[in-house]
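Residue numbers (the working numbering): -8 to 106. Down below is the structure, laid out as structure tokens.
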Amino acid sequence: QVQLVESGGGSVRAGGSLRLSCAASGTIFSINEMGWYRQAPGKQREFVVYITSGGRTNYADAVRGRFTISRDNAKNTVYLQMNSLKPEDTAVYYCNAVINSYNHWGQGTQVTVSS
């Protein structure tokens, strides 16, 4: 059984920074794309960013230039460095990964940005 466990959420003031981590565990043969989505209260879950196993990245326009994704393939872990946070970044952030050709989700971690 494969699990994704996120950590690093919290509360910050606008302009601050947070770093999220997501570690995959279990019986893992391959991990392709890893990434992050977020869901704000009353809104649909939206794409934030992904990174391929080869390091290619794709960012949503709303976070490009402020957020940076990276991954450590040896640790099966993906990171999201979030800088210059805005109140509109407030959401539950979900890790997503294609592991063993199946799509997996983490349980989510809350990020709250106050003005």
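Every residue, glycine too, gets a C-beta built ideally from N, C-alpha and C.
Check                                                                                                                       : Outcome
Delimiting residues of the beta strand (DSSP E) encompassing L76                                                            : Run containing L76: none; DSSP gives neither H nor E here.
Residue nearest to G(-1) in terms of C-alpha spacing, selected from I19, I22, R10, G46                                      : R10
Collapsed DSSP secondary structure at A82 in the structure displayed                                                        : strand
Assigned secondary structure, N67 (DSSP; H/G/I helix, E/B strand, else coil)                                                : coil
As assigned by DSSP and simplified to three states, the class of I42                                                        : strand
Per DSSP, the bridge partner or partners of R29                                                                             : E37, Y84
Sub-8 Å separation of Q35 and V83 beta-carbons                                                                              : no
Whole-angstrom distance between A65 and S105, CA atom to CA atom                                                            : 35 Å
Rounded Cβ spacing between S12 and E(-3) (contact assumed at less than 8 Å)                                                 : 7 Å
Beta-carbon contacts of Q(-6) that lie in its chain and below 6 Å, excluding the five residues immediately before and after : S16, G17
Element boundaries [beta strand (DSSP E), containing A14]                                                                   : 9 to 16
Where V54 sits in the DSSP three-state scheme                                                                               : coil
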